[in-house]
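Notes follow once the structure below has been shown.
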Ligand code: ZN
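In our numbering, the protein residues as written are 7 to 176.
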């Protein structure tokens, strides 16, 4: 199943996720929907609030290989090392992107889709995806990682794009 993407300025993007207490059939279905929605949208990562769920779940697919997606439930970043600047966009803020400085590598713990504890050591693109998605689950967008001036400029650009799209859809 594919779910509609929640887009800025939807308030669900600005709320902290609720921890998953048990991996039920319903949670597994939600995870499958997240993966399918990410694949169809050609994204490399997705947080549950981007499809309207308030649960703490993220999926990531740095290499785009179907069936190899990383699933993390209740993800927590335990360690951050170094700094890396990479261009970033977001399926919930389509049409705008910016360089974002984040940690170059991270240690993230959580549960896998079977509910087993896992720890992931990530660098490169995966490190960036995990930080972006954990931010989502805390209620933050990549725009919130930018300086105030740049954030305002990108938001204005995004709002102009939305207005143009609305006109086209009329
Ligand atoms: Zn995003």
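Where a beta carbon is used, it is the ideal one built from N, C-alpha and C, also for glycine.
Fair warning: this is a prediction, and the values are worked out from it, not measured in the lab.
Would you say residue 20 and residue 145 are within 8 Å of each other, going by their C-beta atoms? In the chain shown, the residue the question calls residue 20 occupies position 14. In the chain shown, the residue the question calls residue 145 occupies position 139. Cβ atoms of residue 20 and residue 145: closer than 8 Å.
Relative to the ligand ZN, is the shortest distance from any of its heavy atoms to the C-beta of residue 98 smaller than 7 Å? Locating residue 98 in the chain shown gives position 92, where the first residue counts as 1. For the ligand ZN, at least one heavy atom lies less than 7 Å from the Cβ of residue 98.
Which residue comes first and which comes last in the alpha helix (DSSP H) that contains residue 141? Your numbering for residue 141 matches position 135 in the chain shown. Its alpha helix (DSSP H) spans residues 130-144.
On the CB-based measure, 16 or more other CB atoms within 10 Å of its CB, does residue 107 come out buried or exposed? Position 101 of the chain shown, counted from the first residue, corresponds to residue 107. Label assigned to residue 107: exposed.
If the criterion is Cβ atoms closer than 8 Å, does the pair residue 76 and residue 59 meet it? By one-based count along the chain shown, residue 76 stands at place 70. By one-based count along the chain shown, residue 59 stands at place 53. Taking 8 Å as the Cβ cut-off, residue 76 and residue 59 do not qualify as a contacting pair.
Simplified DSSP state of residue 43, which is helix, strand or coil: Here residue 43 is taken as the residue at index 37 of the chain shown, counted from 1. In the structure shown, residue 43 sits in a helix (DSSP, three-state: H, G or I).
Buried or exposed: residue 88, going by 16 or more other Cβ atoms within 10 Å of its Cβ? Position 82 of the chain shown holds residue 88. The residue in question, residue 88, is exposed, as its Cβ has fewer than 16 Cβ neighbours within 10 Å.
For residue 73, report the span of its beta strand (DSSP E) as first-last. Taking the first residue of the chain shown as 1, we reach residue 73 at position 67. Counting along the chain, residue 73 falls outside any beta strand (DSSP E), and DSSP gives it neither H nor E.
Is any non-hydrogen atom of the ligand ZN found closer than 7 Å to the C-beta of residue 20, if you look at the structure I gave you? Numbered from 1 along the chain shown, position 14 holds the residue referred to as residue 20. Outside the cutoff, so no.
Taking the alpha carbon of residue 99 as the point to measure from, which residue in 158, 137 and 149 has its own alpha carbon closest? Within the chain shown, the letter at position 93 stands for residue 99. Closest by alpha carbon: 149.
Residue 47 to residue 72, Cα distance in whole Å? On the chain shown, position 41 is the one that residue 47 refers to. On the chain shown, position 66 is the one that residue 72 refers to. Looking at the two C-alpha atoms, the distance is approximately 13 Å.
So the beta strand (DSSP E) residue 112 belongs to, where does it begin and stop? The residue you call residue 112 lines up with position 106 of the chain shown. First-last of the beta strand (DSSP E) with residue 112: 111-117.
Kindly indicate which three-state DSSP category residue 53 falls into: helix, strand or coil? Taking the chain shown and counting its residues from 1, the one referred to as residue 53 is at position 47. If DSSP states are grouped into helix, strand and coil, residue 53 belongs with the strands.
For the beta strand (DSSP E) that contains residue 8, what are its first and last residues? Counting from one through the chain shown, the residue named residue 8 turns up at place 2. Note, residue 8: premise wrong, no beta strand (DSSP E); not H, not E.
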